[in-house]
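Please read the structure below before turning to the comments.
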Amino acid sequence: MAASLPSPYRRFPGTGRYLLNRVLLYVGPDHLLQVTATGYSENYRRFFFHDIQVISLHKTVTGTIWNLILGGLLFLFVGLAIMTGGNGLVAWMIFAGAIALGLGINIARGPTCACFIQTAVQQQRLYSLNRVRRARRLIEQLKPILASVQQPAQSQSQILAEPALEMPAPTPTPTPAPAPPESAPPTPTEGAH
Amino acid sequence: MNSGSVLCPGCHLPLPGSLFGTTGLTTCPACDRRILVEVFPALFRPLMVGKPGDRLLEEGLSSCFYHEQKKAVTTCDGCGRFLCALCDVEFNDQHLCPSCLQTGQVKGKIASLETHRIMWDSASLGLCLLPLLIWPLTLLTAPAAFGCAIYSFFKPGSLVPRLRYRAYLAMFFSLLQIVGWILILSGGAVWMGRALNSR
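Chains as they are written, first to last, in our numbering: chain A, 3 to 195; chain B, 1163 to 1361.
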C-alpha cells in the first residue's frame, strides 16, 4: 500500500479554469507548483524560486463583463418584481437577491487579471491568480523568499558596472622572436646568395 | 526567451525598465493595458555555461562510460557508471547520468520530475457515478469501480494534500450497485423458477 507522507505543499487561495480543467497553485519548499486537474488525472508544472525572473499581470475586463451581466439581471428582476407585485414580488425578489449576492461577491473580490510567471525559458500563465488582489498578495509573499534565494545572483547595477563580463577573453599577442646578435655568423643559405 | 528581456503580459512586446517594480498598476506604452511587473534578480543572472568535459590525455585514467575520449570526473549515483563533466547532471544533490534521469522520470522514481499522475480514486468515483445515467451499464462498471477504488490505495496519490474520501465513496456506491444487481438477478432467478414450476 502506498505510504502517505506529509505533503510539503501549501495551497495558495484561488482556483482557475482552463477549458474544462481546474487549475490550482501550491507553494512548495523551493518552488511553486501549478496543478491542472482534469478530473481523473493531475498535470504538474514547477517554477523553482531561483529560476523565477518576472511575475507580471494585466487587468482583464472579465470582472466588468460579469458585473454588467449581473447588474442587468438584477435590474430586470427588480423591475419584474415591481411590475408584477403580490406573490410574484416575493418570487422575483428571491431571484434578485441571489443575483445581488453574486454581484456583491464579484465586486468584493476586486478586478480580474491575467497573471504570468517568466523564467529563462518560458512565460506561463498562472490561471488560479485571476484577481488583482490575490496576485499582488502572492507577489508580496514571494518577494522576500525570491530575494533570499536569488541573493547570489548579481544585481542589474553590478552587471552594468562590469562590461568586461560579456567581452570575450583577449587573445594572447604573439611575442616577437629575439633578434639575432649582430656578431652571429651568416647562415649557409645567406652565404649562398 | 532571451534572458534580460521583460515582455508585457498583454501584448508580449518588450517593456521599458521604468515600468518594473512599481507600487501600483501602470500602463503599457504599447497596448495601454493596466499592468504590474515585478522583476527578480534572476532576470539579470548570466546564463550558466555547460562544461564540455576534459579530454583523456593520460593512459590508465578512467574514462566516461558514454564518451570514451573524455575523462571521468564522477560516478552516477543511480547506476555507478563513470561520467565526464558533460554527462554529469546534478539534480537534488545527486550526480546522475542522462539515462538514469530519464528512467527516473519515466518510471516516476524521482518525484520532483513527475509531471503527471492518474488519480485512481477520482477515476473510480467517476466510473461508479457517471454510468448511473445509463443504469444498465452499472452491471459492468460497478465491479470495475470497486476494483479501481481498491487499486488506488496501492498507487501513489496526488503530490499535493488530498483526502481519500473519493475512494471510500466509490467503494460504498459501487458496493451498493453490486448488491442491487445481486438482488435483481437473484429475484429474477427466483421469479423465473416460480414461473417454470407453475407451468
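Quick reminder that beta carbons are idealized off the backbone N, C-alpha and C, glycines included.
This structure is a prediction, so every number in the text was calculated from the model and none was measured.
If you draw a straight line from the C-alpha of residue i to the C-alpha of residue j, how long is it?
| i | j | result |
| --- | --- | --- |
| A1307/B | R1324/B | 19 angstroms |
| R12/A | L1289/B | 30 angstroms |
| P1205/B | Q126/A | Note on identity: in this sequence residue 1205/B is Leu, with Pro being the wrong assignment. In a straight line, the C-alpha of L1205/B is about 15 angstroms away from that of Q126/A. |
| P93/A | F79/A | The sequence given here has Ala at residue 93/A, not Pro. Whole-angstrom Cα-Cα distance: 10 angstroms. |
| R24/A | S1225/B | 49 angstroms |
| D1429/B | I1280/B | No answer is possible for residue 1429/B: the residues shown for chain B start at 1163 and end at 1361. |
| I141/A | V134/A | 10 angstroms |
| T38/A | N45/A | 5 angstroms |
| L1275/B | T40/A | 19 angstroms |
| T1236/B | F1244/B | 6 angstroms |
| A83/A | K1317/B | 56 angstroms |
Put residue i into one of helix, strand or coil per three-state DSSP.
| i | result |
| --- | --- |
| Y20/A | strand |
| T189/A | For T189/A, the pLDDT reaches just 40, beneath the cut-off of 50, and the residue's location in the model is therefore unreliable, leaving the point undetermined. |
| R1326/B | coil |
| T1265/B | helix |
| Q120/A | strand |
| T66/A | helix |
| V1211/B | coil |
| F1202/B | coil |
| E1276/B | coil |
| K1317/B | coil |
| S150/A | helix |
| F77/A | helix |
| F14/A | strand |
From the DSSP secondary-structure annotation, give me the bridge partner or partners of residue i.
| i | result |
| --- | --- |
| N108/A | Looking at the DSSP assignment, N108/A forms no beta bridge with any residue, so it has no partner. |
| K1232/B | R1217/B |
| K61/A | C115/A |
| H1257/B | E1252/B |
Are the CB atoms of residue i and residue j nearer to each other than 8 angstroms?
| i | j | result |
| --- | --- | --- |
| V1199/B | L1177/B | yes |
| T1185/B | I1197/B | no |
| I1340/B | P1298/B | no |
| S58/A | P1171/B | yes |
| F1335/B | L1301/B | no |
| A1329/B | A1357/B | no |
| V1211/B | V1168/B | no |
| N108/A | G65/A | yes |
| L1216/B | K1232/B | Per the sequence shown, the amino acid found at residue 1216/B is Asp instead of Leu. Going by C-beta atoms, D1216/B is nearer than 8 angstroms to K1232/B. |
Using C-beta distances below 8 angstroms, list every residue in its chain close to residue i, excluding the 5 sequence neighbours before and after it, in chain order.
| i | result |
| --- | --- |
| L76/A | A98, I101, A102 and L105 |
| K61/A | P113, T114, C115 and V134 |
Starting from the C-beta of residue i, find all residues in its chain whose C-beta is less than 7 angstroms away, skip the five residues before and the five after it, and write them out in chain order.
| i | result |
| --- | --- |
| G1355/B | none |
Here's a check: name, in chain order, each residue in its chain whose Cβ is nearer than 6 angstroms to the Cβ of residue i, leaving out the five neighbours to either side.
| i | result |
| --- | --- |
| Y28/A | Y11, R13 and L35 |
| A1343/B | First, the amino acid is wrong: residue 1343/B is Trp here, not Ala. The answer, listed in chain order, is L1301. |
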